Amino acid sequence: MRYNKGMEIKQTAEYRKWFKKLRNREAKAAIQARLDACKLAGRPFGDIKPVGGPVSEMRFHIGAGYRVYFTTRGNVLMLLLAGGDKSTQQTDIKQAHAILDDYKEQQ
46 MRYNKGMEIK
56 QTAEYRKWFK
66 KLRNREAKAA
76 IQARLDACKL
86 AGRPFGDIKP
96 VGGPVSEMRF
106 HIGAGYRVYF
116 TTRGNVLMLL
126 LAGGDKSTQQ
136 TDIKQAHAIL
146 DDYKEQQ
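Under the working numbering, the letters of the sequence shown match residues 46 to 152, in that order.
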């Protein structure tokens with residue numbers, strides 16, 4: 046898949062709520078820096094792992110081991126679905142898939 050420079054990044058309400066509540070400043074800064082870099086690069090990169098279907102996790106080895114769950118749509122959009130840490134990983138993955146299913150129904 047080719048990506049265009051200047052990838053558009055959208056956030057779900059669930060992701061925004063999680064990020065707003067995130068207390069670890071170092072993790073928050075690292076997440077925002079990586080997302081900014083992805084936007085400029087035109088593609089997601091870094092420690093990324095597929096977690097089933099079109100959903101992947103962006104991993105951050107800081108504190109509790111934070112994750113940002115996302116999908117790409119076409120070649121210009123990265124949709125941030127949810128966030129969490131290693132301790133809630135399985136629940137977060139299920140939630141990310143459910144959020145994506147809801148998003149697709151609304152489109």
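For glycine and all other residues, C-beta sits at the position ideal for the given N, C-alpha and C. Every value quoted in this text rests on a predicted model; they were computed, and no experiment measured them.
According to DSSP, is residue 57 part of a helix, a strand, or is it coil? coil
I'd like the list of long-range same chain contacts for residue 73, defined as Cβ closer than 6 angstroms, with 5 residues on each side in sequence excluded. 67
Would you report the Cα separation of residue 62 and residue 149, rounded to the nearest angstrom? 20 angstroms
Determine the closest residue to residue 60 out of 90, 127 and 69, with distance taken between C-alpha atoms. 127
Limits of the alpha helix (DSSP H) - the one that residue 156 falls within: Here the chain comprises residues numbered 46 to 152, so residue 156 is not present and cannot be evaluated.
From 100, 125 and 95, residue whose alpha carbon lies closest to that of residue 79: 125
Would a C-beta distance cut-off of 8 angstroms place residue 107 and residue 53 closer than the cut-off? no
From residue 84 to residue 135, what does the alpha carbon distance come to, in whole angstroms? 27 angstroms
Identify the continuous beta strand (DSSP E) that holds residue 104 and give its terminal residues. 101–105
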